[in-house]
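A.B. asks: Okay, handing you the structure first.
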Amino acid sequence: KVIEIDGPFITVLTEPLLYANKKLFLGIPIKRKLIRQLESEYDIEQITIGNFVSIHWGVICEIITNEQVLNLKKYTLRNLTLANKTL
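See below:
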């Protein structure tokens with residue numbers, strides 16, 4: 056979730072992927088400051104405080120809906136459960 060915008064910097068609240076005791080899990084939400092990729096083909100200028108965004112390798116990809124947030128968390132947790140069976 057976008058919590059601050061300061062020029063080229065966007066601060067988000069995100070649940071980091073963590074590994075401890077031989078298990079993967081989502082951690083408690085933390086603030087993470089990212090830099091806008093202004094040369095990107097998508098229109099990143101539409102982001103506003105309160106938006107949910109997808110992030111890949113530290114790059115904001117797109118604004119996502121509440122439904123997409125719920126699905127992303129659901130399938131992430133499902134896949135972490137599967138991954139933890141093999142660790």
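Numbering (the numbering used here), first residue to last: 56 to 142. No residue lacks a Cβ here, since even glycine has one placed at the ideal position from N, Cα and C.
Counting only the same chain and skipping the five closest in sequence on each side, list residues whose C-beta sits under 7 angstroms from that of I65.
C.D. replies: Mapped onto the sequence shown, residue 65 falls at position 10. The answer, listed in chain order, is V57, L89, R91, I102, I115.
A.B. asks: Nearest-angstrom Cα distance between K78 and I110?
C.D. replies: Here residue 78 refers to the residue found at position 23 when the sequence shown is read from its first residue. Here residue 110 refers to the residue found at position 55 when the sequence shown is read from its first residue. Cα to Cα, the separation comes out at about 22 angstroms.
A.B. asks: Less than 8 angstroms separating the beta-carbons of V108 and E100?
C.D. replies: As a position in the sequence shown, residue 108 is number 53, starting the count at 1. As a position in the sequence shown, residue 100 is number 45, starting the count at 1. No, Cβ-Cβ distance for V108 and E100 is not below 8 angstroms.
A.B. asks: Here's a check: name, in chain order, each residue in its chain whose Cβ is nearer than 6 angstroms to the Cβ of L142, leaving out the five neighbours to either side.
C.D. replies: The residue you call residue 142 lines up with position 87 of the sequence shown. Closer than 6 angstroms at Cβ, skipping near neighbours: K77.
A.B. asks: In its own chain, which residues sit with a C-beta less than 8 angstroms from the C-beta of I60, not counting the 5 before and 5 after it?
C.D. replies: By one-based count along the sequence shown, residue 60 stands at place 5. Closer than 8 angstroms at Cβ, skipping near neighbours: T66, I102, T103, I104.
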